[in-house]
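Chains as they are written, first to last, in my numbering: chain A, 4 to 112; chain B, 9 to 121.
The beta carbon of each residue, even a glycine, is placed where N, CA and C say it ideally should be.
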């Protein structure tokens with residue numbers, strides 16, 4: 004049984020702070036890793052993809068991957084109230100994604 | 009660019025009634041297609057996926073079924089809905105080459121009365 008674990012939160016950060024979201028996965032054969040953002044009542048939206056160890060930056064978002072520790076993280080710099088959402092970690096093997104339960108982020112003005 | 013359409017956006021159905029949800033993808037050929045369900049406050053549960061016309065794999069045995077009558081069309085059906093079928097139904101597509109992410113439609117919120 005492939006598992007992807009996330010702290011459900013809520014993670015509360017003040018506006019302008021760095022939000023750090025974490026995810027661990029069980030299957031060492033996992034190939035690709037994704038972060039999705041899901042606003043309440045809406046569908047998940049892809050925000051980051053990462054395929055190799057290290058950091059990948061895109062605007063205010065940085066994804067970090069450590070395959071040896073089976074750990075993926077998402078950093079959001081200069082957090083804004085509009086970043087308040089649930090963030091889903093997804094781990095891919097072949098054509099299949101296994102999703103974590105999501106972390107709810109609240110950014111307070 | 010690729011787009012994915014799902015309809016209807018919301019649906020209220022009585023217990024025991026049939027169901028048909030449709031999903032279509034534009035701007036790509038031979039996509040992988042997926043149906044997920046998300047119960048309130050819960051994670052995503054994969055229901056079905058398809059790698060080609062007429063090819064359906066079921067992940068969770070239940071009273072739902074899926075069909076792919078055309079390359080870019082994916083249909084989720086039920087002959088008799090149960091109360092437990094309530095939820096947010098999401099269709100997704102991915103390209104077949106390499107390690108590609110999935111992209112979701114806007115979803116259908118299904119309430120069973």
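Comparing the C-beta of residue i with each C-beta of chain B, is any distance below 8 Å?
| i | result |
| --- | --- |
| residue 19/A | no |
| residue 49/A | yes |
| residue 103/A | yes |
| residue 4/A | no |
| residue 14/A | no |
| residue 98/A | yes |
| residue 23/A | no |
Using 8 Å as the limit for Cβ to Cβ distance, is residue i near chain A?
| i | result |
| --- | --- |
| residue 93/B | no |
| residue 52/B | yes |
| residue 107/B | yes |
| residue 114/B | yes |
| residue 59/B | yes |
| residue 13/B | no |
| residue 102/B | yes |
| residue 10/B | no |
Per the DSSP calculation, residue i is bridged to which residue(s)?
| i | result |
| --- | --- |
| residue 40/A | 48/A and 90/A |
| residue 107/A | 89/A |
| residue 67/B | DSSP, once it has assigned bridges, lists no residue as partnering residue 67/B. |
| residue 78/A | 23/A and 65/A |
| residue 40/B | 102/B |
| residue 85/B | 28/B and 73/B |
| residue 8/A | 27/A |
Starting from residue i, follow the beta strand (DSSP E) in both directions and report where the run begins and ends.
| i | result |
| --- | --- |
| residue 17/A | 14-17 |
| residue 110/B | Per DSSP, residue 110/B belongs to no beta strand (DSSP E) and is neither H nor E. |
| residue 77/B | 72-78 |
| residue 27/B | 27-34 |
| residue 60/A | 57-61 |
| residue 100/B | 95-102 |
| residue 24/B | Per DSSP, residue 24/B belongs to no beta strand (DSSP E) and is neither H nor E. |
| residue 12/B | 11-15 |
| residue 90/B | Taken as a continuous stretch (DSSP letters only), residue 90/B belongs to no beta strand (DSSP E), as it is neither H nor E. |
Review point. When you check each C-beta in the segment 54-86 of chain A against every C-beta of chain B, which residues fall closer than 8 Å?
Key: 54
Check your understanding: Is it true that the segment 22-33 of chain A meets the segment 97-112 of chain A, where meeting means three or more beta-carbon pairs spaced less than 8 Å apart?
Key -> yes
Review point. On the three-pair Cβ rule with 8 Å, is the segment 104-119 of chain B touching the segment 32-50 of chain A?
Key: yes
Review point. Do the segment 13-21 of chain B and the segment 64-74 of chain A meet, that is, are 3 or more Cβ pairs less than 8 Å apart?
Key: no
**Study point:** chain B contacts from the segment 30-49 of chain A (Cβ-Cβ distance under 7 Å)
**Key:** 34, 35, 37, 46, 47 and 49
Exercise for review: State whether the segment 10-20 of chain A contacts the segment 59-69 of chain A, with contact taken as three or more CB pairs (one from each stretch) at a distance under 8 Å.
Suggested key: no
Review point. Quick one: any contact between the segment 29-38 of chain A and the segment 24-36 of chain B, if contact means 3 or more CB pairs under 8 Å?
Key: no
Check your understanding: Using a Cβ cut-off of 7 Å, which residues of the segment 32-47 of chain B contact any Cβ in chain C, in chain order?
Key -> Within the model displayed, chain C is absent; protein chains A and B are what it includes.
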